[in-house]
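Asks:
Numbering (the UniProt record's numbering), first residue to last: 1 to 153.
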C-alpha cells in the first residue's frame, strides 16, 4: 500500500461515526455559548467558548484564557479537551465553538483534537446571528500528524 493510500485509509476508517442527534447538538451549542461567558480575554476582547460532547452524552466546556504573553494563551477548545482528559474522558463525538463570527478552530486546536480521533464533528456558532457550520475534523485537518506517524523504536 502506498503512503497516500495508507493515509486515505486512516482518514476513511475514522469517518464511520454518525453525527450526534439534534438534541445533543443543541445541548452542545448551548454549553459552548455559556462557556464563552467565562472567557478571560482582556487583551484581544475576542471571547470564545467551546464544549466537547463525549460518547456517553456528557458535555464538558471550556473558554479561552488569554495571557499578556500571547503565546501562553489557551484556546477554548484546548481548555475543553484538557479538562475532559483531566477528569478521565478521552472519547469525543463532537466539539462546538461559539464566538463572534463563528471562527473555526486554529491549527493547534485542530491538532490537539486529532490526538483523540479524526471522526469528531466540529460545530461553529456565530453568537451574533446564530449562524452555524458543521464539518468533520478530517476535513479541517487533512493529513494530520497522528500517533501512527510516530516510528516505533
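Cβ atoms here follow ideal geometry from the backbone N, Cα and C, with glycine treated the same way. Owing to the predicted nature of the structure, the values given are computational and were not obtained by experimental measurement.
Inspect the beta-carbon positions of residue 53 and residue 94 and report whether they are closer than 8 Å.
Replies: yes
Asks: Among the residues of its own chain, which have a CB less than 6 Å from the CB of residue 76, if the five just before and after it don't count?
Replies: 48, 49, 50, 62, 63, 64
Asks: With distances taken Cα to Cα, identify the nearest neighbour of residue 24 among 45, 74, 96.
Replies: 96
Asks: Give me the Cβ distance between residue 127 and residue 59, rounded to the nearest whole Å; I'm assuming they're in contact under 8 Å.
Replies: So it is not a contact: roughly 18 Å between Cβ atoms.
Asks: Could you tell me if residue 90 is buried or exposed, where buried requires 16 or more neighbouring beta carbons within 10 angstroms of its beta carbon?
Replies: Residue 90 should be labelled exposed.
Asks: Use the C-beta contact count for residue 72: other C-beta atoms within 10 angstroms, 16 or more gives buried, fewer gives exposed.
Replies: exposed
Asks: Compare the Cα-Cα distances from residue 55 to each of 133, 88, 112 and report the closest residue.
Replies: 88
Asks: Could you tell me the alpha carbon to alpha carbon distance between residue 19 and residue 123, rounded to whole angstroms?
Replies: In a straight line, the C-alpha of residue 19 is about 11 Å away from that of residue 123.
Asks: Output needed for residue 114: all residues of its chain with C-beta closer than 7 Å, excluding positions within five of it in sequence on either side, in chain order.
Replies: If the five residues before and after residue 114 are omitted, its C-beta is found closer than 7 Å to the C-beta atoms of 137, 141, 144, 146, all from its own chain and listed in chain order.
Asks: With DSSP as the reference, label residue 97 as helix, strand or coil.
Replies: strand
Asks: Where does residue 109 fall in DSSP's three states?
Replies: helix
Asks: Between which two residues does the alpha helix (DSSP H) containing residue 36 stretch?
Replies: Element bounds for residue 36: 22 to 36.
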